[in-house]
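Add 22 to the 1-based position in the sequence shown for the numbering used here, that's all there is to it.
Just so you know, even glycine gets a beta-carbon here, dropped at the ideal spot from N, CA and C.
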Amino acid sequence: MLKTDLHQGWTVHSVGGPVPSEIAASRLPAAVPGTVHTDLLAAGLIPDPFLGDNEAALAWFHRSAWVYETTITAAPAAPGERVDLVFDGLDTVATIQLDGTELGRTANMHRGYRFDVRHLSRDGEIPLSVRFDSALEHAESFEKQAGSRPRPYPHPFNAVRKMACSFGWDWGPDLQTAGIWRPVRLERWHTARLASVRPLATRDRLTVHVAVERASGAPLTVEVTAGGHTARAEVAADRATVELSVPDAPVWWPVGHGEQPLVPVAVTLTAGDEVLDEHHTRVGFRDVRLDETPDEVGSRFTLVVNDREIFVLGLNWIPEDHLLTRITRERLAAAVDRAVAGNANLLRVWGGGIWESDDFYEVCDERGVLVWQDFPLACAAYSEEEPLRSEILAEARENVTRLAPHPSLILWNGGNENIWGHEDWQWKEALDGATWGARYYYEDFPALLAELDPTRPYHPGSPSSPGHDPEVVHPNDDRFGTRHEWEAWNREDYRFHDNFVPRFCSEFGWQAPPTWSTLTATLQPEDLRKDSAAFLLHQKAEDGNGKLDRGLAHHMAVPSDFAAWHWATQLNQARATAYAIAHLRGHAPRTMGSILWQLNDCWPVTSWAVVDGAGRLKPAWFAMRRAYAPVLLSFTRRDGRAVLAVINDRDEPWRESARLRRVRFDGAELAAVTAEIDVPARSVGLIEVDPSLLAAAEPDREVLVADSGGLRATHLFAEDYDLRYDPAAVRAHAVAVEGGYSITVTAVSFARDVAVLADRVAPDAVVDDMLVDLLPGETHTFTVTTTATVDGEAFAAPEVLRSANSITIPARVG
């Protein structure tokens with residue numbers, strides 16, 4: 023097998039649509055893999071679509087057409103030789119020509135394509151072209167043929183196999199990319215090649231399924247080597263299965279539960295003594311199952327790895343950059359590392375994005391981050407008619423096979439909110455009996471996985487109540503399966519979480535703007551207003567700012583000053599995040615999963631992400647890190663009373679004393695008790711709060727504090743707008759240290775949620791902690807890492823050293 027990358031010498035030019043004249047007249051160098059957007063950006067012909075209101079100015083792109091061209095060399099095929107042109111990904115509606123001969127047409131960015139070109143191979147340069155037509159117009163055409171299907175946004179993203187959020191989402195831009203977005207190469211081979219290799223590893227066994235493509239009828243052998251063990255099998259027709267017992271296999275564990283050993287696997291295809299093709303990958307030996315046992319409540323939804331129940335501390339994952347071809351392995355590693363540093367153990371690859379790259383899953387394998395994998399169908403009804411059905415099944419087959427080796431991949435999920443949408447979003451009347459995707463979720467995907475990957479559990483949709491008719495048991499019923507909790511954000515308040523105890527909450531979250539440096543790098547100074555057109559273009563949620571303000575108003579005054587509002591909304595997101603996670607974790611083992619919406623952003627935007635589009639940590643990330651820590655103290659409510667939840671997700675018992683105090687904001691201790699903590703491993707304990715601690719004489723100036731083992735939980739007796747905070751409750755002093763600055767903060771009155779917004783001083787500045795509660799006389803030292811040389815006292819400025827106490831204080835904009 024000889025593989026030759028075809029990534030050099032490409033050009034791209036416009037061949038149709040409302041393209042501006044200066045662009046239409048240009049033939050540009052094209053990066054492959056790449057997209058037209060990134061080529062035009064590199065040439066300076068379009069403005070950065072992530073900045074200001076540029077996204078709207080590029081709407082002409084939606085109905086444009088482009089041609090990529092290059093020349094290749096492909097000597098004539100020898101007798102018995104095959105020459106294949108292979109595209110790993112084309113985005114999206116493409117026509118491929120070689121030497122003027124049409125090889126095929128494609129309309130699915132989620133799969134690869136292979137063309138036999140031996141009949142076109144010849145000496146000299148051979149022209150190769152790929153034309154991309156409008157994916158939007160293709161979708162509109164299919165919709166006319168198959169009938170419209172309900173969806174939440176104007177463009178018919180559900181009528182073409184392109185990343186759904188490419189057409190815009192309530193956190194993403196509407197750019198609709200086009201291009202050769204994954205590698206392209208020429209492959210020359212003879213006799214046979216490995217068409218697919220599907221390794222399935224359990225705790226002590228490796229089963230490798232091999233499919234071959236033949237160019238002759240020669241006898242073939244497949245050899246598999248893993249962990250010092252080797253086995254062989256003859257290829258019958260075009261299939262072979264090799265079983266390898268590995269009783270001494272090192273066990274792969276999720277992060278926080280053990281190590282992540284990865285074992286190299288080599289698969290070799292031979293004819294006699296000749297090696298024809300090889301495949302190399304890595305596997306992790308582990309078992310996984312989903313416990314859905316009926317119980318007195320409904321039924322469990324608990325992931326079990328190597329016979330250990332795992333409480334999922336998860337984050338939803340969207341593409342790391344809307345311009346997908348800019349995503350590197352290094353960026354993926356950095357993003358996953360931010361999840362791990364935040365104490366997460368699972369990422370859910372959401373169904374409106376892409377089948378992620380091999381790099382993503384390899385990074386998760388190495389770090390022990392579990393992956394929940396949606397099939398890419400989201401928030402819409404999907405036609406079951408041809409050719410869409412065949413495309414969906416073809417991409418599913420290809421990607422299930424591709425992802426089989428990865429131990430991190432732990433669960434398959436049929437799609438996002440589609441079953442829920444069918445029941446609740448007025449789809450039934452609009453569909454009038456038309457197909458909507460049920461066949462995919464209940465028949466096609468389970469059958470495909472039974473064939474290709476019986477080692478992993480399958481869930482028909484998030485949310486759903488498996489085993490029950492959705493018209494009888496609601497898909498979002500908290501007694502079964504998975505639940506999405508969006509009433510809290512959309513219509514209520516984050517305390518609304520108290521009304522439900524889901525078996526597994528796979529989506530919930532709260533919005534906030536990006537960090538200050540990201541915002542100021544995106545918008546002009548005059549646009550730093552929550553009602554500016556540019557700011558609103560980067561706030562995609564329906565009535566997003568209204569929901570932010572109403573969410574604030576439940577707890578604190580809504581600042582009129584923009585910088586103060588920015589901090590207040592970020593703080594409210596952090597509190598909402600911590601509150602919801604503590605609620606879910608505190609109800610284990612009835613609840614066994616929390617997947618926050620969301621880890622990351624794909625551009626600079628006001629969203630539910632805890633890491634913004636520039637990779638900066640929002641205050642909510644720090645709240646999540648504390649809430650997802652292996653041990654957690656949290657005041658919560660049970661049966662109308664306050665209790666202290668003691669959450670222990672370690673392998674050893676938590677035995678320690680806890681000091682509980684009711685303290686006035688000026689430091690006077692009003693009541694105190696000591697409670698003993700004795701919580702078994704991987705368990706939750708509840709400590710009743712002594713009535714004397716709850717009998718606040720002055721609810722507007724008292725706080726209940728619990729301390730144990732360096733952890734602290736606080737409980738206030740009124741909302742912020744009624745609390746008599748000292749607005750100048752802290753003093754700070756900063757000194758330069760190696761790699762940055764040290765900021766020591768001392769409280770003179772109770773200071774709540776103290777934070778150093780370090781990026782306001784230097785864009786690369788990162789603080790080590792945030793949202794610290796201090797009693798009078800207590801100090802906390804924050805460490806800021808930065809390459810910048812600044813006046814250290816800038817970190818004590820009012821717009822930088824923030825707290826809940828200072829919400830209404832105006833801050834400098836800029």
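Can the beta-carbon of residue i be found closer than 8 Å to that of residue j?
i      : j      : result
MET131 : ARG85  : no
ASP634 : THR542 : no
LEU107 : PHE137 : yes
VAL776 : VAL783 : no
ALA181 : ALA161 : yes
ALA52  : TRP32  : yes
ARG254 : GLU245 : yes
TYR650 : ASN365 : yes
TYR516 : ALA460 : no
GLY150 : LEU120 : Note on residue identity: the sequence assigns Leu, not Gly, to residue 150. Going by C-beta atoms, LEU150 is nearer than 8 Å to LEU120.
ALA97  : LEU208 : no
PHE307 : ALA271 : yes
CYS401 : GLY374 : yes
Between the C-alpha atoms of residue i and residue j, what's the straight-line distance to the nearest angstrom?
i      : j      : result
THR544 : ALA664 : 43 Å
ALA100 : VAL297 : 18 Å
LEU28  : THR423 : 25 Å
SER825 : ARG753 : 12 Å
ASP329 : ILE148 : 57 Å
CYS527 : LEU335 : 10 Å
PHE804 : SER764 : 6 Å
TYR743 : LYS562 : 29 Å
TRP193 : LEU345 : 14 Å
SER582 : LYS552 : 10 Å
GLU844 : GLY390 : For the chain, the structure presents residues 23 to 836; residue 844 sits outside this window and is missing.
CYS624 : ALA357 : 11 Å
GLY436 : ARG683 : 49 Å
ASP491 : LEU823 : 53 Å
ARG348 : LEU228 : 35 Å
GLN395 : THR808 : 36 Å
GLU507 : GLU445 : 16 Å
Mind checking which residues open and close the alpha helix (DSSP H) that includes residue i?
i      : result
THR423 : 410-425
THR808 : Segment: none, THR808 is in no alpha helix (DSSP H) and carries neither H nor E.
PRO641 : 641-649
GLN595 : 584-607
TYR383 : 380-389
Pick from the options: whose alpha carbon is nearest that of residue i?
i      : options                           : result
LEU50  : PRO40, GLY38, ALA81 and ALA64     : ALA64
GLU384 : ASP359, ALA97, ALA456 and PHE657  : ASP359
GLY503 : GLY483, PHE687, LEU369 and VAL268 : GLY483
ARG370 : PRO713, ALA355, ALA649 and ASN622 : ASN622
ARG638 : GLU256, ARG525, VAL273 and ASP790 : ASP790
TYR463 : ILE441, ASP454 and HIS302         : ILE441
VAL152 : PRO178, ALA116 and GLY122         : ALA116
GLU413 : THR128, TRP447 and ALA472         : THR128
GLY762 : VAL788, SER321, ALA769 and SER771 : VAL788
THR292 : VAL234, GLU352, ILE699 and LEU654 : VAL234
ARG686 : ALA697, LEU716, ASN670 and ARG659 : LEU716
ALA751 : LEU655, THR736, ALA728 and LEU797 : LEU797
PRO276 : LEU337, GLU388, PRO341 and THR290 : GLU388
GLU318 : SER156, ARG525 and HIS251         : ARG525
How far does the beta strand (DSSP E) with residue i in it reach, from first residue to last?
i      : result
GLY336 : 334-339
GLN119 : 115-120
TRP211 : 206-212
ASP396 : 392-396
LYS25  : 24-27
GLY126 : 123-129
LEU618 : 615-618
ARG734 : 733-738
SER163 : Here SER163 belongs to no beta strand (DSSP E); instead the alpha helix (DSSP H) covers 157-168.
THR243 : 243-248
PRO286 : 285-293
Is residue i close to chain C? Criterion is C-beta to C-beta, closer than 8 Å.
i      : result
PHE687 : This model lacks chain C altogether; it includes just one protein chain.
_Is it the case that the segment 571-588 contacts the segment 611-625, given that we only count it when at least three CB pairs across the two stretches are under 8 Å?_
These segments do not touch.
*Between the segment 192-201 and the segment 217-230, do at least 3 Cβ pairs fall closer than 8 Å?*
In the pairwise beta carbon analysis, the segment 192-201 is classified as not touching the segment 217-230: fewer than three pairs are separated by under 8 Å.
*Is the segment 665-676 in contact with the segment 640-647, if contact means three or more CB pairs nearer than 8 Å?*
Cβ pair count under 8 Å is below three, so no.
_Any 3 or more C-beta pairs closer than 8 Å across the segment 415-431 and the segment 439-456_ = Counting C-beta pairs with one atom in each stretch, the segment 415-431 and the segment 439-456 have fewer than three that are closer than 8 Å, which means they do not touch.
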